[in-house]
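Colleague: Residue numbering for the sequence shown follows UniProt numbering, beginning at 1 and increasing consecutively. I'd like to ask some things about the structure below.
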Amino acid sequence: MKVDYKIYSYIFSRAFELELDSHREQNRLIREYCSRHNLEFPLANTEFVTEDSFFVLNSLLDEVKNASKILISSKTLFEKNSEMILSLLKENLNKDIQFTFCREDYSLTIEELVEYLELSKEKILSLFKDNHTSTKRDYFQRMNAEKFEKMIVSKKFSYDYWDGDRSFGYGGYEYDGRWNSVAKKLIAHYNLCNESKILDIGCGKGYLLYEIKELLPGATIAGVDISKYAVDNCKEEVRSYLSVHDIREELPYSDKSFDLTLSLMTLHNLELPELELALAEISRVSKNSYISVESYRNERELTNLQCWALSCEAFFSPRSWEHIFKQSGYIGDFEFLFFE
């Protein structure tokens, strides 16, 4: 039987490291979990030098080459050699494979570990990543003495943010067709049809809703955004479906009124109290939901995010985001976007 989800746990320990027993204990817990859920666990190994680690990684490629998703759990090695490891994996594995990365935490209880693995297996998607990575960014060029002033302007989400100079935001948010592929992925993943009802929170100028409506003319769509400028300058074809709304307030819709609620690259612009309310509201009005938020897996990505972000208020790792989801009662799908 083909296993379409494999967990690859990469354990890196030095001979003098005192946590070796903890490594082995969590390794045992992961093995037991995989056995109960008919998952494969290709690696259980402790290496004492980086060269040994890469040798073991190379030897596993045949075992995981047919996987559609891989969870990579690494204590230190991935953070230090991320580009090299990713290059090796992508060269030798299915090009459409989805990678999920987490930093090993040996203090996790078995209940917390199982909860994390279940969440990773079922809820983490990769629908928007290609759009995100297609944009070129000079992270450190944006970090200068004037940045704080530009952050103040950016958070007004007016002309400067959308169509002003690049240092304030998008630098001209004109439509180039890139949302078509995202719309197709969403329709396929959620089995949307002409009878479906879709809400986009933080819809901007409505480009994604435009593509959904083009593909599903009979679908009911709605979009809300805090920016009056964006709504006033949206795609003409969807103008009547968009409205100005602050998602820090309750949504003006009844419970479970949408088959799918989307919120892409928006929720990280909220501070924690408002973020929890927004997540709860998304859950309330939705039968299904999908959100994407900015995150980081290591210090380099955190630095890049801090340099680049103008409107972000929530700088959280994937584990912290998942904690917030749980606290808010959010049970929908999500995607983390990283600044590599």
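Note that CB positions come from ideal geometry on N, CA and C, so glycine has one too. Since the model is a prediction, treat every value here as computed from it, not as a measurement.
Quick one, are the C-beta atoms of leucine 205 and lysine 235 less than 8 Å apart?
Modeller: Leucine is not the amino acid found at residue 205; the sequence shown has lysine there. Yes.
Colleague: Give the straight-line distance between the Cα atoms of alanine 188 and glutamate 146, rounded to the nearest whole angstrom.
Modeller: Spanning the alpha carbons of alanine 188 and glutamate 146 requires a straight line of approximately 44 Å.
Colleague: The alpha helix (DSSP H) with valine 182 in it runs from where to where?
Modeller: Segment 179 to 190, the alpha helix (DSSP H) holding valine 182.
Colleague: Over what stretch of residues does the beta strand (DSSP E) that includes threonine 261 continue unbroken?
Modeller: Boundaries of the beta strand (DSSP E) harbouring threonine 261: 260 to 264, taken from the DSSP string.
Colleague: Ignore the nearest five residues each way along the sequence and tell me which others in isoleucine 247's own chain have a CB closer than 6 Å to its CB.
Modeller: Ile201 and Ala278
Colleague: So, at 8 Å on beta carbons, what are the nonlocal neighbours of valine 244 in its own chain, with the 5 sequence-adjacent residues on each side left out?
Modeller: For valine 244, where only same-chain residues beyond five positions count, the Cβ hits under 8 Å are Val224, Asp225, Ile226, Ser227, Lys228 and Val231.
Colleague: Out of curiosity, what's the CA-to-CA distance linking phenylalanine 258 and alanine 219?
Modeller: Distance between the alpha carbons of phenylalanine 258 and alanine 219: 11 Å.
Colleague: Rounding to the nearest angstrom, what Cα-Cα distance links tyrosine 207 and valine 238 in this structure?
Modeller: 9 Å
Colleague: Tell me where the beta strand (DSSP E) around aspartate 246 begins and ends.
Modeller: Neither: aspartate 246 is in no beta strand (DSSP E) and is coded neither H nor E.
Colleague: With C-beta atoms as the reference, is leucine 260 less than 8 Å away from valine 293?
Modeller: At a Cβ-Cβ threshold of 8 Å, leucine 260 and valine 293 do not count as neighbours.
Colleague: Determine the extent of the alpha helix (DSSP H) in which lysine 197 is found, giving its start and end residues.
Modeller: Careful: lysine 197 lies outside any alpha helix (DSSP H), inside the beta strand (DSSP E) at 197 to 201.
Colleague: What did DSSP end up calling alanine 222 once you bin it into helix, strand or coil?
Modeller: strand
Colleague: Rounded to a whole number of angstroms, what is the C-alpha to C-alpha distance between arginine 166 and leucine 186?
Modeller: 29 Å
Colleague: Is it right to say cysteine 193 is buried, meaning 16 or more other beta carbons lie within 10 angstroms of its own, or is it exposed?
Modeller: Exposed, since its Cβ has fewer than 16 Cβ neighbours within 10 Å.
Colleague: May I ask you to report which of helix, strand or coil DSSP gives serine 167?
Modeller: Three-state result, serine 167: helix.
Colleague: Among all the DSSP beta bridges, which residues are the ones paired with isoleucine 291?
Modeller: Isoleucine 291 pairs with Ser263 and Phe334.
Colleague: With distances taken between CB atoms, is the gap from asparagine 295 to proline 318 smaller than 8 Å?
Modeller: The residue asked about is misnamed: residue 295 is serine in this sequence, not asparagine. Result yes, Cβ atoms of serine 295 and proline 318 sit closer than 8 Å.
Colleague: Can you give me the C-alpha to C-alpha distance between aspartate 333 and isoleucine 291, rounded to a whole angstrom?
Modeller: 7 Å
Colleague: Leaving out the 5 sequence neighbours to the left and right, which residues in its chain are closer than 7 Å to cysteine 203 when beta-carbon positions are compared?
Modeller: Leu209, Gly223, Val224, Asp225 and Leu242
Colleague: Below 8 Å on the Cβ atoms is my guess for leucine 262 versus isoleucine 198; work out the distance and round it to an integer in Å.
Modeller: 7 Å
Colleague: Quick one: Cα of glutamate 301 to Cα of methionine 265, how far?
Modeller: 16 Å
Colleague: Would you mind sorting serine 286 into buried or exposed? The rule is 16 or more other CB atoms within 10 Å of its CB.
Modeller: buried
Colleague: Of all the options Asn304, Leu272 and Gly329, which has the alpha carbon lying nearest to the alpha carbon of residue 410?
Modeller: Only positions 1 to 340 of the chain appear in the structure, and residue 410 is not among them; the question remains open.
Colleague: The alpha helix (DSSP H) spanning proline 273 covers which residue range?
Modeller: 272 to 285
Colleague: In terms of DSSP beta bridges, what is leucine 242 paired with?
Modeller: Gly223
Colleague: Do tryptophan 179 and glutamate 211 count as a contact pair if the criterion is CB distance below 8 Å?
Modeller: yes
Colleague: Quick check on the DSSP output: the alpha helix (DSSP H) that includes aspartate 232 runs from which residue to which?
Modeller: Where aspartate 232 is concerned, the enclosing alpha helix (DSSP H) stretches over 228 to 232.
Colleague: Going by DSSP in three states, cysteine 312 sits in which element: helix, strand or coil?
Modeller: coil
Colleague: Could you tell me the distance, in whole angstroms, from the CA atom of leucine 310 to the CA atom of glycine 164?
Modeller: Rounded to the nearest angstrom, the gap between the Cα atoms of leucine 310 and glycine 164 is 14 Å.
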